[in-house]
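Chains A and B supply the protein sequences, listed in that same order. My numbering applies: residue 6 is where the first sequence begins, and numbers increase by one. My numbering applies: residue 6 is where the second sequence begins, and numbers increase by one. Every residue, glycine too, gets a C-beta built ideally from N, C-alpha and C. As the structure is a prediction and not an experimental result, all values here were calculated from the model.
Protein chains: 2
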Amino acid sequence: MPNLNKHNKKFTYKVHLRWTEQRKGIIASPDKPEIELSTPPEFMGHPGVWTPEDFFVAAVIGCLMTTFLYQAEKHKLKFSRLDIPGQGILEKVENQYIISKIELIPHLVISSTLDIDNAKKIFELAERYCVITNSIKSKIYLTPDIEVKNKGE
Amino acid sequence: MPNLNKHNKKFTYKVHLRWTEQRKGIIASPDKPEIELSTPPEFMGHPGVWTPEDFFVAAVIGCLMTTFLYQAEKHKLKFSRLDIPGQGILEKVENQYIISKIELIPHLVISSTLDIDNAKKIFELAERYCVITNSIKSKIYLTPDIEVKNKGE
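Structural data, given as structure tokens:
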């Protein structure tokens, strides 16, 4: 993220949740499309609707991607594809339910074997500088899957 | 959340992020509507698109609401409206940018002054049992705004 080390600025992220019915609500943020939110179905919620647990995992994956994109530009890495499947595990730790871990296996496609080390380094930087992973207690397991695919293949 | 104290079960939340172009991607989760995600505009991202920081705040607010709904049912609290505006603050703490705090001012509408104490207790329980607030380092400032509105007013 640019300029973060240059100035100690504060940034504010506003979100508004309105309860609608049963175990559902509508999440809003200025100038963005509204999203329906629900308790997960396994806790008497509603299927097919985003849950707080999903948003937590989405925040982590999203931050790792956006930090990766910034670092890739800074370190001049070219790539043609980036997919990040991930999952968060909710379980009891010290008698309390928490999201204990988040597992991510990003799949990156680059065009030259010469870029493999640079790509690995950028994943490390993304993990180190991601403001969301630095704000949580969950353990992060990031295992990059780097594929080299020459043009024309 | 029901049954959480009865069984030490594990629950998995799967999310997939696909980079599309520039600093944007598409977030998906099984059977749920896709959501566009971006780096925030202040970090060379795109306006009008959900960001990882927004999702982090949404996860906290969403979890507090869903835990409140569960506790309200358990403690037989009737209410006609629940709105939760909130904001997350990103700033430098010990030389590292993190989401340092999340401020929430839930507005709850109940129909009797006799329910005020019960409502306050339920907000405390929601904060204590919310699995997301228990998974993060950010400090939570929850200040309920409880309004009594008699029917017919």
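{"Asked": "How about residue 24 (chain B) and residue 87 (chain A): do their beta carbons lie closer than 7 Å?", "Found": "yes"}
{"Asked": "Per DSSP, residue 16 (chain A) is paired with what?", "Found": "B:95"}
{"Asked": "Is any beta-carbon of chain A found at less than 7 Å from that of residue 150 (chain B)?", "Found": "no"}
{"Asked": "Taking beta-carbon pairs under 8 Å, can you tell me which members of the stretch 67-80 of chain B lie near chain A?", "Found": "67, 68, 70, 71, 74 and 75"}
{"Asked": "From B:64, B:117 and B:47, pick the residue whose C-alpha is nearest to that of residue 58 (chain A); which is it?", "Found": "B:64"}
{"Asked": "Which parts of the stretch 52-118 of chain B are runs of the beta strand (DSSP E), unbroken and 3 residues or longer, counting only runs that do not cross its ends?", "Found": "86-98, 101-109 and 112-115"}
{"Asked": "Taking 7 Å as the threshold (beta carbon to beta carbon), is residue 130 (chain A) in contact with chain B?", "Found": "no"}
{"Asked": "Check distances from the C-beta atoms of the stretch 55-66 of chain A to those of chain B and list, in chain order, the residues that come in under 9 Å.", "Found": "55, 56, 57, 58, 59, 60, 61, 62, 63, 64, 65 and 66"}
{"Asked": "Does residue 7 (chain A) have its Cβ less than 7 Å from a Cβ in chain B?", "Found": "Model confidence at residue 7 (chain A) stands at a pLDDT of 48, short of 50, so the residue's coordinates are unreliable and nothing is read from them."}
{"Asked": "What residues match up with residue 140 (chain A) in a beta bridge as DSSP calls it?", "Found": "Paired residue(s): none; residue 140 (chain A) is not in a bridge."}
{"Asked": "Going by the beta-carbon positions, is the gap between residue 127 (chain A) and residue 151 (chain A) smaller than 7 Å?", "Found": "no"}
{"Asked": "Does any residue of chain A bring its CB to less than 7 Å from the CB of residue 90 (chain B)?", "Found": "yes"}
{"Asked": "Taking residue 29 (chain A) as part of the beta strand (DSSP E), name the residues at either end of that continuous run.", "Found": "29-33"}
{"Asked": "Compile a chain-ordered list of the residues in the stretch 27-43 of chain B whose CB is closer than 7 Å to at least one CB of chain A.", "Found": "28, 30, 32, 34, 36, 37, 40 and 42"}
{"Asked": "Inspect the CB distances between the stretch 17-35 of chain A and the stretch 60-79 of chain B and report whether three or more fall short of 8 Å.", "Found": "yes"}
{"Asked": "Run through DSSP, which three-state label would residue 36 (chain A) get?", "Found": "coil"}
{"Asked": "Taking the DSSP output, what are the residues bridged to residue 23 (chain B)?", "Found": "A:88 and B:31"}
{"Asked": "Taking residue 21 (chain B) as the query, report the chain A residues whose CB atoms sit under 9 Å from its CB, ordered along the chain.", "Found": "66, 88, 89, 90 and 91"}
{"Asked": "So which residues of chain A does residue 116 (chain B) contact, with C-beta pairs closer than 9 Å?", "Found": "The premise fails here: residue 116 (chain B) is roughly 16 Å from chain A at the closest Cβ pair, so nothing lies under 9 Å."}
{"Asked": "Under 7 Å between the Cβ atoms of residue 141 (chain A) and residue 111 (chain A)?", "Found": "no"}
{"Asked": "For a contact defined as C-beta to C-beta under 9 Å, what are the partners of residue 99 (chain B) on chain A?", "Found": "What residue 99 (chain B) touches in chain A: nothing, since even the nearest Cβ is about 10 Å away."}
{"Asked": "List, in order along the chain, the chain A residues whose C-beta lies closer than 9 Å to that of residue 142 (chain B)?", "Found": "139, 140, 141 and 142"}
{"Asked": "What are the residues that DSSP puts in a beta bridge with residue 127 (chain B)?", "Found": "According to DSSP, which records beta bridges pairwise, residue 127 (chain B) is partnered with nothing at all."}
{"Asked": "Do residue 62 (chain B) and residue 118 (chain B) have their CB atoms nearer than 7 Å?", "Found": "no"}
{"Asked": "Counting C-beta neighbours from all protein chains within 10 Å, is the total for residue 8 (chain B) 16 or more, i.e. buried, or is it exposed?", "Found": "Interpretation of residue 8 (chain B) is limited by its pLDDT of 46, a score under 50 that renders its predicted location unreliable; the figure taken from the coordinates is listed afterwards. Label assigned to residue 8 (chain B): exposed."}
{"Asked": "Under the DSSP definition of a beta bridge, which residues are partnered with residue 121 (chain B)?", "Found": "Paired residues: none, contrary to the question."}
{"Asked": "Provide the residue span of the beta strand (DSSP E) that contains residue 152 (chain A), from first to last.", "Found": "150-153"}
{"Asked": "Answer yes or no: do residue 107 (chain A) and residue 85 (chain A) have a C-beta to C-beta separation smaller than 7 Å?", "Found": "no"}
{"Asked": "Residues in its own chain within less than 8 Å of residue 51 (chain A) by CB, not counting five upstream and five downstream?", "Found": "27, 28, 29, 43 and 44"}
{"Asked": "Following a CB-centred definition, is residue 112 (chain B) positioned closer than 6 Å to any heavy atom of the ligand SAM?", "Found": "Ligands displayed in this structure: none; no statement on the ligand SAM is therefore possible."}
{"Asked": "Can you give the beta carbon distance from residue 136 (chain A) to residue 94 (chain B), rounded, assuming they're within the 8 Å contact cut?", "Found": "The Cβ separation is near 11 Å, so there is no contact."}
{"Asked": "Is the shortest distance between the beta-carbon of residue 106 (chain A) and the beta-carbons of chain B less than 7 Å?", "Found": "no"}
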